[in-house]
Amino acid sequence: MTTILVDVDGVCADFKSEALRIIKTYSGYEDFEDNHTWDFLPHDENVMNYLWQNIHADKLLPYPNDIEAIELLQNLGDVLFVTSPAPTPMWMPERTEWLVKRYNISAEDVCNFSKKQYVYGDVIIEDNTNNLSKHMKRWHSIGLLINQSYNQGFVMDIPTFSRRASVLDAAQYLQEILNRAPCIGE
Ligand SMILES: [Mg+2]
35 MTTILVDVDG
45 VCADFKSEAL
55 RIIKTYSGYE
65 DFEDNHTWDF
75 LPHDENVMNY
85 LWQNIHADKL
95 LPYPNDIEAI
105 ELLQNLGDVL
115 FVTSPAPTPM
125 WMPERTEWLV
135 KRYNISAEDV
145 CNFSKKQYVY
155 GDVIIEDNTN
165 NLSKHMKRWH
175 SIGLLINQSY
185 NQGFVMDIPT
195 FSRRASVLDA
205 AQYLQEILNR
215 APCIGE
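Residues in the sequence shown are numbered from 35 upward in steps of one, following this note's numbering.
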């Protein structure tokens with residue numbers, strides 16, 4: 035069975051838009067600009083404390099066609115959501131509950147963990163190039179990078195890497211790969 039790791043922020047749910055919306059409600063940050071890099075959050079302890087106090091994992095908007103994408107992935111293998119916790123106490127329970135309800139999964143299918151390279155998977159679907167490349171190097175996994183403004187510069191010239199437009203695009207692409215080589219995984 036193929037094991038498929040799916041990231042959440044920037045893959046299934048739009049963390050960045052909600053973070054920017056909250057930051058812009060902080061006094062003096064109304065005109066805060068997105069710099070289109072991974073490091074887009076302000077280096078200001080007060081505003082970051084305000085962000086973590088006000089952002090909730092169960093209030094992020096999902097990207098279009100996410101449910102269809104996850105259903106397709108579930109037909110292709112074992113899907114495990116691997117998601118880095120944010121530094122706020124309710125993040126992990128809110129995230130887990132949101133995933134369980136939205137994708138009709140078990141809480142056991144959710145791994146709240148940052149060092150994703152230590153989680154085994156045949157496939158990883160990510161927007162974070164650092165997590166993606168570390169995982170691919172460790173497990174020789176198929177790495178599907180979800181296209182975002184902040185990961186544009188990243189290239190990897192190996193056939194197991196592919197940049198995809200959305201999680202549904204990634205799922206459909208994986209379906210094509212597995213149709214050609216159905217024995218990926220144990
Ligand atoms: Mg992410």
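Built from N, CA and C at the ideal position, the CB exists for glycine as well.
Computed from a predicted model, the values in this text were never measured in an experiment.
Which of helix, strand or coil does DSSP assign to residue i?
i: F115; result: strand
i: T163; result: helix
i: F49; result: helix
i: N213; result: helix
i: V201; result: helix
Can the beta-carbon of residue i be found less than 7 Å from the beta-carbon of residue j?
i: I233; j: V45; result: Since the displayed the chain opens at 35 and closes at 220, residue 233 lies outside it and no answer follows.
i: I56; j: L95; result: no
i: T117; j: R136; result: no
i: L208; j: L114; result: no
i: A103; j: A205; result: yes
i: T36; j: Y184; result: no
i: F188; j: G177; result: no
i: K58; j: E64; result: yes
i: P127; j: N146; result: no
i: L107; j: I192; result: no
i: V201; j: D100; result: yes
i: D161; j: Q182; result: yes
Using the Cα positions of residue i and residue j, report the straight-line distance between them to the nearest angstrom.
i: A215; j: N88; result: 45 Å
i: I180; j: F49; result: 14 Å
i: S175; j: D156; result: 5 Å
i: N80; j: Q151; result: 32 Å
i: N69; j: D78; result: 15 Å
i: T122; j: M190; result: 34 Å
i: V144; j: L133; result: 8 Å
i: Q186; j: R197; result: 10 Å
i: S167; j: D112; result: 21 Å
i: H90; j: D43; result: 12 Å
i: A53; j: N165; result: 21 Å
i: D92; j: S51; result: 14 Å
i: N83; j: Y60; result: 11 Å
i: G219; j: H169; result: 15 Å
i: F74; j: T163; result: 15 Å
i: N213; j: S148; result: 31 Å
i: P221; j: A47; result: Absent from the structure is residue 221, since the part of the chain shown begins at 35 and ends at 220.
i: E105; j: P76; result: 36 Å
Ligand 1 heavy atoms versus the CB of residue i: any closer than 6 Å?
i: G177; result: no
i: G44; result: yes
i: N162; result: yes
i: D41; result: yes
Between residue i and ligand 3, is there a pair consisting of the residue's CB and a ligand heavy atom that are separated by less than 6 Å?
i: F147; result: Inclusion of ligand 3 in the displayed structure is not the case, the ligand content consisting of ligand 1 alone.
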